Amino acid sequence: MAQPRCRSVLITGCSRGIGLGLVRGLAAASPSPDLVFATCRYPEKAQELQQLSKQYSNIKLLQLDVVSESSIKKVVKEVEEIVGDKGLNCLINNAGINVLASLEEVTAETMLTIYETNTVAQLMVTKAFLPLLRKAAQLGTGMGCHRAAIINMSSLAASMQLVQANEMFLKVYPYRIAKTALNMITRCLAADLKSDGILCISLHPGWLQTDMGGNMAPMQVQEAIPGILSVLDRLGEKENGSFLDWQGETLPW
Ligand SMILES: NC(=O)c1ccc[n+]([C@@H]2O[C@H](COP(=O)([O-])OP(=O)(O)OC[C@H]3O[C@@H](n4cnc5c(N)ncnc54)[C@H](OP(=O)(O)O)[C@@H]3O)[C@@H](O)[C@H]2O)c1
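Here the sequence shown is numbered in numbering that gives the first Met the number 0, starting from 0 and rising by one per residue.
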């Protein structure tokens with residue numbers, strides 16, 4: 000039986016790459032959520048996103064810098080005014096940064112910068128949206144994006160068990176360590192929020208051609224989006240606290 004529909008989704012980091020692809024995929028999906036909150040830190044510079052929001056009336060373009068406390072507070076208020084008592088069904092913590100840093104190159108400063116954007120920010124954004132996720136959860140049953148869900152955009156590079164198999168990631172110490180910590184956030188939230196009916200997973204979107212993924216990546220963003228959306232659609236209690244890839248395969252922590 001088909002899942003009930005996800006009414007509202009908020010995505011961070013939608014100016015380009017996977018975030019932009021998710022907004023495009025969700026807006027064009029049938030059925031599409033009633034509200035797709037596409038957030039980015041510089042809306043005035045996000046030309047493609049602006050175009051999309053003119054094309055689809057369910058896209059709400061909002062400013063959000065995930066490392067700014069005041070920006071987070073402001074966006075939560077804006078979303079609350081729109082969703083009201085229905086709350087927010089799905090939060091996709093997508094925004095992220097990377098920098099090449101091998102063991103020889105890594106510095107404390109890079110470690111902290113990447114940790115702030117790829118780990119701390121996800122927890123702070125999630126914490127700020129919890130009241131709205133809880134509101135949505137109270138109105139639904141079961142578990143999944145139709146009710147209330149937090150999707151943390153992680154990476155294969157975060158897998159501790161696959162370190163030997165993925166030596167190329169040895170050049171990105173700060174990124175992979177921050178994503179491994181993000182995976183721990185997923186596990187904690189999944190355990191903590193289960194009784195509220197809020198699901199949380201880590202998702203590896205695939206190695207994709209974006210500014211971050213580079214042009215050696217085997218897939219374009221638009222090739223992975225249908226898979227990602229179908230994984231999100233099928234999430235249920237069984238998947239709570241799991242680490243999945245864009246095809247729904249379980250990855251080892
Ligand atoms: N591409 C891949 O192969 C791959 C693989 C595994 C995981 N991922 C993960 O997927 C997510 C998206 O990656 P991507 O490939 O789409 O990267 P990308 O093309 O570099 O895009 C990153 C996005 O994050 C935004 N961002 C960065 N810092 C931000 C901040 N402080 N506040 C708000 N937004 C911020 C950027 O906004 P600006 O335009 O303002 O900079 C941009 O929209 C990341 O979490 C990444 O780690 C990607």
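Ideal Cβ positions, reconstructed from N, Cα and C, are used throughout, including at glycine.
Only a predicted model underlies this, so the values are computations on that prediction, with no experimental measurement involved.
Taking only heavy atoms of ligand 1 into account, decide whether any of them is closer than 7 Å to the Cβ of Ala216. Counted from its first residue, the sequence shown places residue 216 at position 217. It does: the Cβ of Ala216 is within 7 Å (strictly closer) of some heavy atom of ligand 1.
Sorry if obvious, but does the Cβ on Asp64 come closer than 7 Å to a heavy atom of ligand 2? With respect to ligand 2, the structure shown offers nothing to examine, as its ligands consist of ligand 1.
Kindly indicate which three-state DSSP category Gln163 falls into: helix, strand or coil? Taking the first residue of the sequence shown as position 1, residue 163 is located at position 164. Coil.
Kindly indicate the opening and closing residues of the beta strand (DSSP E) around Asp244. In the sequence shown, counting from the first residue as 1, residue 244 sits at position 245. From DSSP, the beta strand (DSSP E) with Asp244 extends over Phe242 to Asp244.
Counterpart residues of Leu51 in DSSP-defined beta bridges: Translated into the one-based positions of the sequence shown, residue 51 becomes position 52. Answer is none; Leu51 lacks a bridge partner.
Let me know the secondary structure DSSP gives Asp232 once reduced to three states. Against the sequence shown, residue 232 aligns to sequence position 233. Helix at Asp232.
Tell me whether Ala189 sits in a helix, a strand or coil according to DSSP, three-state version. Position 190 of the sequence shown, counted from the start, is the residue given in the question as residue 189. DSSP places Ala189 in helix when its eight states are reduced to three.
For Met152, is the beta carbon positioned less than 7 Å from some heavy atom of ligand 1? Position 153 of the sequence shown, counted from the first residue, corresponds to residue 152. At least one heavy atom of ligand 1 is nearer than 7 Å to the Cβ of Met152, so yes.
Using the three-state DSSP reduction, which class does Met142 fall into: helix, strand or coil? Taking the sequence shown and counting its residues from 1, one reaches residue 142 at position 143. Met142 falls in the coil class under three-state DSSP.
Going by beta carbon distance, what residues of the same chain come within less than 6 Å of Tyr172, once the five residues before and after it are set aside? Residue mapping note: residue 172 aligns to position 173 of the sequence shown, counting from 1. Sequence-distant partners of Tyr172 (beyond 5 residues in either direction) whose C-beta falls short of 6 Å from its own C-beta, in its chain, are Ala100 and Val105.
Does DSSP put Met215 in a helix, a strand or coil? Numbered from its first residue, the sequence shown carries residue 215 at position 216. DSSP places Met215 outside both helix and strand once states are collapsed to three, so it counts as coil.
At which residues does the beta strand (DSSP E) containing Val8 begin and terminate? Counted from its first residue, the sequence shown places residue 8 at position 9. Taken as a continuous stretch (DSSP letters only), the beta strand (DSSP E) holding Val8 covers Ser7 to Ile10.
Which residue comes first and which comes last in the alpha helix (DSSP H) that contains Leu25? Sequence index remark: in the sequence shown, residue 25 carries index 26 (1-based). Per DSSP, Leu25 belongs to the alpha helix (DSSP H) from Gly16 to Ala27.
Selected residue, minimal CA-CA separation from Gly83, among Ala157, Asp232, Leu34 and Val230: Along the sequence shown, read from residue 1 onward, the residue named residue 83 stands at position 84. Comparing Cα positions, the closest option is Leu34.
Those runs of the beta strand (DSSP E) which lie wholly inside the stretch 73-123 and span at least 3 residues: If only complete runs of 3 or more residues are kept, the stretch 73-123 shows the beta strand (DSSP E) at 89-92, in order along the chain.
Can you tell me which of the three DSSP states Met0 falls into? As a first step, residue 0 is located in the sequence shown; it is residue number 1 there, counting from the start. Legend: pLDDT at Met0 = 44, less than 50; position of this residue unreliable, value from coordinates given subsequently. Met0: coil per DSSP, three-state reduction.
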